[in-house]
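Protein chains: 2
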Amino acid sequence: MSKRKRVVLSLKDKINIIESLKKGETALDPFPNYGTQKVYPVADTRTGTDGAGDSTALDMGSRSSLHSGLHMSEDEHWEMNYHEAAIYLEEGLNNEKFDSHPSSPEELPAYLRVHNPWYHGLDLLASLVLILLAFTEDPAVPAFMLPVWAHGTIEILALAVIGIELHLKLKWIGWSTILKHKRTMMKGITLLIMLLEAVVVLCRQSSHFRVTRALRPIFLVDTRHCGGVRRFIRQILQSLPPILDMLGLLMFFVATYSLLGYYLFSDHIDNGHFKTISDSFVSMFVLLTTANFPDVMMPSYAKSKWYAVFFILYIITVLYVLMNLMLAVVYEAFTRIEREKCRALLLHRRCATRHAFRLLVSRRAPDVVRLRHFSGLMRHYAPHISGLDVYLMFKQLNQSGSGGLSRSEFAGLYEVFALRWGAQASRAPWYSSSPLEPIGRMAATAVRWPYFEYLIYALIVGNGLAMLIRVCQAAGDLQSSAKLLCASWDTWLFLTLFLIEAGIRMMASGLRNYVESGWNVFDLSVTLLALMGAVMLTIAPTLFIVVMFRPLRLMRLYKLKKRYRDVFGTLVLLSPLMSSAGCVMLVMYYFFAIIGMELFAGKDLKNCCQDTTVKDFYIYSENSSTALGYYYLNNFENLITSGVTLFELTVVNNWFILMNAYASVVGQFSRIYFMVFYLFTMVVLTIVVASVLEAFRFRIQYKRSTTKRDEEKLLHEEVHTSWEEAQRLGATGELAEELRPYLPPGVSVTFIGSRPRTKEVLQRRMYQSDIHRWLAEEDDNEDRVPSTTVTSSEDPLAPPLIRDGGQRQLQPGYQL
Amino acid sequence: MSKRKRVVLSLKDKINIIESLKKGETALDPFPNYGTQKVYPVADTRTGTDGAGDSTALDMGSRSSLHSGLHMSEDEHWEMNYHEAAIYLEEGLNNEKFDSHPSSPEELPAYLRVHNPWYHGLDLLASLVLILLAFTEDPAVPAFMLPVWAHGTIEILALAVIGIELHLKLKWIGWSTILKHKRTMMKGITLLIMLLEAVVVLCRQSSHFRVTRALRPIFLVDTRHCGGVRRFIRQILQSLPPILDMLGLLMFFVATYSLLGYYLFSDHIDNGHFKTISDSFVSMFVLLTTANFPDVMMPSYAKSKWYAVFFILYIITVLYVLMNLMLAVVYEAFTRIEREKCRALLLHRRCATRHAFRLLVSRRAPDVVRLRHFSGLMRHYAPHISGLDVYLMFKQLNQSGSGGLSRSEFAGLYEVFALRWGAQASRAPWYSSSPLEPIGRMAATAVRWPYFEYLIYALIVGNGLAMLIRVCQAAGDLQSSAKLLCASWDTWLFLTLFLIEAGIRMMASGLRNYVESGWNVFDLSVTLLALMGAVMLTIAPTLFIVVMFRPLRLMRLYKLKKRYRDVFGTLVLLSPLMSSAGCVMLVMYYFFAIIGMELFAGKDLKNCCQDTTVKDFYIYSENSSTALGYYYLNNFENLITSGVTLFELTVVNNWFILMNAYASVVGQFSRIYFMVFYLFTMVVLTIVVASVLEAFRFRIQYKRSTTKRDEEKLLHEEVHTSWEEAQRLGATGELAEELRPYLPPGVSVTFIGSRPRTKEVLQRRMYQSDIHRWLAEEDDNEDRVPSTTVTSSEDPLAPPLIRDGGQRQLQPGYQL
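Chains as they are written, first to last, in our numbering: chain A, 1 to 816; chain B, 1001 to 1816.
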């Protein structure tokens, strides 16, 4: 475990902490009582009594032994335990390892310094600045060009910020842990190199060959906000072994066929595709992407039709069989990893709740967490949550109705935490107590009219037809036809009708419910966009891009069919993963763009490659009248151009033209760059395809096994309670005050909690039986751990400490 | 149900039947006793007694009522029941509907005429001839060109054969059934049209615009041998609705973007990609396949870098999101259909066994099938199976040991039928009773030597390294380097070593066991191929194709790793489906090739398209020295060229060049042909990908849930028996004679039955729980069918007839 400082905090430290925490208090303060405490005393040994009768917490043995001499009040003691339990819960939520958990109160300030939104924000900002520097460094995008001293200074500053933050983190985690933590290690080393290089650049006042800039995204990926990206990268790394195996098989075939191709075709006049064995290999590698397909075959095909057999066989084996098998292998691995991830997360969270649990039980009732302590925990863990919500969460967790949460009940905390509560009474229409009631009632009647939906669909179809007619009329002048399409009287008519529809719906269900449906938001925004488009086209008739907005309304029709709803639902489900995948692609682009710029920037491709097959694509003429002569634009002049060039390489079609051009201008070795990039994109894209497949299958299976009713039950929970019950459960003081307005005495009130339909919720349902097995297995494992490990309370899974409700933690230092 | 002829068979008919059956008897005759019986009497009502004591079969009510007046011997009566039960089993095996089951003895001759290998063979031959005619008809492949009268006559003949066969089939099935049978209907109509057209061609002595020739594969697909192809086509048709939905979504985006593209780019000088709305649509459609990717963007990109956003967004939405979702949707549908297929087949087979079962029970024991009747059934169903196998199958089926098969035991018939039996004693090494024993023993010791495998792998690696060195040496003359690579001393050395290895393995395990392992066969054939190659290269030094064979040996290395074994195992599992998919592709190619030839044959593409962007690809020079000028070869001159052209379209890269050329030479409408072909191939290839994914996932899941031991148990069954038991079970007469050599009296013998690892066996294991549910559901359904349907014995599922062991079938006409 990490180092433990036994020294008392220095005065400066204390002031720092107090100030930083006081600042926090005005915002959402997770540690309200810290500032008044100064020193963190643990495990008070005097027994006190309070209203609920349970007073002394069973604390971690190690801490109590450390601080057995310190005196603190009962409440302070509890606050500190709440605090630590909240930290555990947060670590569980963020899937952080418990080995960086603050192991003693002295480490807490450092921990808090590193775990606050300012730190994370600064970290993100510095790494973004660092990444964006590539726009300003030579070769820069012209608009953003900066002199060397300027971007050099910015770089040093950003690196310094990251360095200081890393230092803070190291102080808290300790060196011994960091060595096990590869990511932070790598970050540190990269930081050192970059700092050195930045200094060199500032001294020499010119950039050298700095490919290490390609590593800048490391800092971004390491920030708190990029957890999804890190997970996706981990998933890629875990999928790599099967991919590499399949690549090996693929390359074997490529090599064998290129050998054969060399012997068959090397003495033909065939544009040099097979002149040497390495030419042959490159040709076959490109053929793997089909980019040069008929071209590479045509010269031989002209000689004898039989040569087609060679190419057809190659394409069938490599492209249609092996590539598909590769996808299958990756898909299989992906599905397995996805399941494994779900399991790990689940167990980690359960472990976090167990750690928290044993900090919240008292000696009198060592098996249950009382409402008082639960709300104390929530005050630290989620200060923005109202007392009512906390009380309802407690009620919902306490399925047994015993008045205290058992360990297994407490483990459901994360699930319950996602619920948003509302009194059942509030399900009445919004206008029930509003002056707009008659209008609202009429609107609601209109929407409930069975033909309302059909009417709207008819309107949409009408709009589509009108548009189609306009398109067919669109002869002659571009501007007038655009106006005809997007700003004629029928546009206005339909837009008005659509706005009326949106108004009716809004009146019927209230703005809040209206906005909750994705389709409504889509409708409204598309209508508003089309309106904006029509207005803008009237003002600026050359702004053609707005013609896009009118057809979009047609997409509403896709809501009609179940399959489309599935597809769009999958897209929504996929969006977090997809955005992570997008970020990974961007990081990869950045990496390769920097390398590409360092290698190829400044090479002029105009009229290049005179003696190769691709020369036609690079013929340059001032007035751009030639057919194919634009390829010189696909270069690595600056970050944006590089990005577009890399996208073209990703799409694969004609990528060999770019490769051949640079091979002829810069040197044959540059082929390696392009081939490696192809392999990288192939891997990432294959995984993206696998993830889409998996998500869709998952959603369909979920839909098939879950009826609308099941889902309603899955996403909603009901809690019946009353003021009297709240009193009985121990809602006193502030909490009671908060509950009073919602719980009139003597009446039983029903609250409905609803959770959003996230992937996790669905997974929990789909893996139901697996989850039971995993938990059972985990319990078995815990049973097998011998009880001698009791003292290592920071053990990530800390099983024996937990099993019997904390009684075993009674350490020698703990005076009963 | 089909018509029932009550007339007695005419003399001519009888003779025909007898003769056809006598011919059959010399081959594998499934109806040995038919010829001696002449008329088919059913349900003899006199009670006889035989050794086993159970004599009168409970026959189908309808038949017994038809023939209650006819007299026949006990044995004849049973033979006829065996016969019909065998037909049921065959129908179950081939997944044929029971509504074409011969419903009365008079229909049997027609049924037999249509169900014999000669009929099927002739059918296949005629349809193949018909298909191959396309090689000889104008535009013909030069080598196969035939005059019009010749191919016209052949066509008429082939059509006549098919027509006669269709007539025979119709006679047996009856018109009322045929009308429900879409496939046969379509076949009949196509046949009529073709016959008409063939006559017209013969009369006019020249071919007219005959696109109907594209329908010829219908006849081929309808033959008995193309069951897999039919199933695959059905699977495609079932997957079509989701695909069409997704295509609709795709096309919406293509249309919207092409509208936008038109407005954005139509006034640029952009090579006409966006000149009109239809140009714009074609460009965007081609961009969907990425075939014109950077080209379509470059002119706009040269104007402003921002235009790249339009293309990048389009490609991301359409290609990376929608296309992947399409694959996901298809994959989902495919998995569902696959499961459904498995269920339907299972239930159909069970139904077949039930139909057969009630023909095999006697009145004395109406719940069980005795060995005597079981072997009678097998005499008809599988005459080539030995008496021992029949007996062992019976024993294996009779898990209860009651001496008679209950209905549920009998339902396992198909499973048990796949087993191949051998006495356990025969598992001793082959050389145990051979003069080669010492050599065999030595070889076995060598193979069992723990380092033997490693030695072989080292040899293979050595061979690979030697090859690599030779490749690196391969400078200068092509012939000598090929010789160096494939016929130098090291080649001979390694070949000899490999041959020795094969010899040792063969001696160790015996030829039969050696050949049973796919890897061994691969090893041996690759070694022999390499040997052949080396010899041929020595004889004819320009035959470079043989250089392929030496590297192949390296593939053996892939056996080392589990993942590769999985991959190759999947390939084996997939091979039936893949060959069906291949056939479907060929049929599709044929279809489009005929249409393509009718539309485009004879158009000269040399130097065409002068004012389009693709003109460079069609520049023709006599000495073929230009870079890109070979595309004129991609035409529809004859069937073979068309095939290659269509393959190029399948690969998609640069397909728009071909499309644009024909659009400019023949007319804009020809784009439709190319676009439709693209959509067709996309659909088929997507389904192929889905099937690969499914098969791989299936196999991996199977492997994960099944240990080696489980698999051993799954693929092998054990039966212990003895002569005495066989006697007790009623093995008399011929059967007893056949059993005597294998079952020495007084000794218990163990037999091992092993089944091949087919997909069905794996499915049965993987869907275990599903299968139980399906069967239970089916039983429930049966319970719900009211018992009034008793008389309709030809009802495909005939449930109530079966449920209580046949007692309900006692019809009024049946005299007890």
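Backbone N, C-alpha and C define an ideal beta-carbon position, used for all residues, glycine too.
If we call anything under 8 Å between Cβ atoms a contact, is residue i one with residue j?
i, j, result
"F677/A", "L639/A", "no"
"R1553/B", "V1584/B", "no"
"S1748/B", "H1720/B", "yes"
"F1751/B", "Q1473/B", "no"
"M298/A", "Y1589/B", "no"
"R1484/B", "R1505/B", "Reading the sequence as shown, one finds Leu at residue 1484/B and not Arg. Not closer than 8 Å, so no."
"L1249/B", "Y564/A", "yes"
"L1322/B", "V692/A", "no"
"K1562/B", "W1519/B", "no"
"Y1111/B", "A1356/B", "no"
Rounded to the nearest angstrom, what separates residue i and residue j at their Cα positions?
i, j, result
"Y1257/B", "L1327/B", "22 Å"
"R224/A", "L571/A", "25 Å"
"N292/A", "I337/A", "36 Å"
"S481/A", "Y1262/B", "11 Å"
"E453/A", "M1251/B", "25 Å"
"F1591/B", "T1190/B", "14 Å"
"L543/A", "G533/A", "9 Å"
"G228/A", "R709/A", "32 Å"
"L1347/B", "L1775/B", "7 Å"
"E712/A", "F696/A", "21 Å"
"L1573/B", "G1746/B", "44 Å"
"P139/A", "V1296/B", "27 Å"
"Y1742/B", "L1392/B", "11 Å"
"P32/A", "F219/A", "Low confidence applies to P32/A: its pLDDT is 35, below 50, so where it sits in the model is not reliable, and the reading given next is rough at best. Roughly 32 Å separates the two Cα atoms."
"A418/A", "E717/A", "11 Å"
"T1641/B", "F1647/B", "10 Å"
Output, in chain order, the set of chain B residues within a Cβ distance shorter than 8 Å of residue i.
i, result
"A158/A", "Neighbours of A158/A on chain B: none; closest Cβ ~27 Å, over 8 Å."
"V587/A", "Residues of chain B passing the Cβ test: none, with the nearest at roughly 17 Å."
"K606/A", "In chain order: nothing, as chain B lies at least about 12 Å away."
Residue i and residue j look like a contact to me (Cβ under 8 Å); what is the Cβ gap, rounded to whole Å?
i, j, result
"S580/A", "F265/A", "Going by Cβ atoms, the distance from S580/A to F265/A rounds to 45 Å, so no, they are not a contact pair."
"G629/A", "A593/A", "The Cβ separation is near 24 Å, so there is no contact."
"G510/A", "W430/A", "3 Å"
"R1363/B", "G1404/B", "About 14 Å; that fails the 8 Å criterion."
"E155/A", "L133/A", "6 Å"
Could you work out which residues of chain B lie near residue i, taking near to mean beta carbons separated by less than 9 Å?
i, result
"L554/A", "F1252, T1256"
"D267/A", "L1478"
Can you determine whether any heavy atom of the ligand COA sits closer than 7 Å to the C-beta of residue i, and answer yes or no?
i, result
"V254/A", "Absence of the ligand COA is noted for the structure shown, with no ligands found whatsoever."
Kindly list, in the order they appear in chain A, the residues whose Cβ is closer than 8 Å to that of residue i.
i, result
"K1561/B", "D245"
By the criterion of Cβ-Cβ separation under 7 Å, what are the contact partners of residue i in chain B?
i, result
"E648/A", "F1293, P1294"
What does residue i reach in chain A if we use C-beta pairs closer than 9 Å?
i, result
"T1527/B", "Under the 9 Å cutoff, chain A gives no residues; its nearest Cβ is about 16 Å from T1527/B."
"A1382/B", "Those within 9 Å of A1382/B in chain A number zero; the least Cβ separation is about 36 Å."
Check your understanding: Between the segment 169 to 176 of chain A and the segment 657 to 671 of chain A, are three or more C-beta pairs nearer than 8 Å?
Key -> no
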